[in-house]
Amino acid sequence: MSVEIDQEYRPREDEPFMNERQREYFRHKLLQWKDDILREARETLQHLQDENQNHPDIADRASSETDRAIELRARDRQRKLIAKIDAALERIDDGSYGYCEETGEPISLKRLEARPIATLSIEAQERHERRERVYRDD
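So this is what it looks like as structure tokens:
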């Protein structure tokens, strides 16, 4: 059963956390984000195919290759982002979405709104980043 989400709806702190309406809101937000990424990827692929002509000038060819490498790196980052979006959609399905992996506490709606793929609360994320920094500095 799916709840219809009106376009004006925004999750609020005064309603039950991760109720059906909020889950559908975030599902819609994640699916929209994924669709946007996939559309951009198709456009980039088309652009790379169109751009694939031979450049007689070596500077033009070098510039084109650099642009191509940058595009491919961006696509790789977006591929990883899609995997995170899919994982978030799975968490919505299994009921664990919106809860911190580390503490089990709810992740703030403000954080989920800004980063719908978040798996840690702000506090847990900050602890994680501090530990990472300590190990990196050693």
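Read in our numbering, the sequence shown has 591 at position 88, and its numbers run on one by one without any break.
Note that the Cβ used here is the ideal one computed from N, Cα and C, for glycine as well.
DSSP state of residue i, grouped into three classes?
i: Y602; result: strand
i: M504; result: The pLDDT assigned to M504 is 47, lower than 50, so where the model puts this residue is not dependable; a value taken from the coordinates is nonetheless given after this. Of the three classes helix, strand and coil, the one that applies to M504 here is coil, per DSSP.
How many angstroms separate the CA atom of residue i from the CA atom of residue j?
i: E543; j: A577; result: 11 Å
i: P559; j: W536; result: 39 Å
i: R614; j: D597; result: 20 Å
i: S599; j: Q510; result: 24 Å
i: T622; j: R564; result: 42 Å
i: M504; j: Y512; result: Its pLDDT being 47, under 50, M504 is placed unreliably in this model, and the value from its coordinates should be taken loosely. Near 19 Å, if we compare the C-alpha coordinates of Y512 and M504.
i: D589; j: I595; result: 10 Å
i: P609; j: S566; result: 48 Å
i: T477; j: L575; result: Beyond the ends of the chain as shown, which are 504 and 641, falls residue 477; an answer cannot be given.
i: I625; j: E616; result: 13 Å
Apart from the five residues on each side of it in sequence, which residues of its chain come closer than 6 Å, Cβ to Cβ, to residue i?
i: I561; result: none
In this structure, what does DSSP give as the bridge partners for residue i?
i: P519; result: According to DSSP, P519 bridges with nothing at all.
Here's the rule I'm using: 16 or more other beta-carbon atoms within 10 Å means buried, otherwise exposed. How should residue i be labelled?
i: Y528; result: buried
i: P514; result: buried
i: L548; result: exposed
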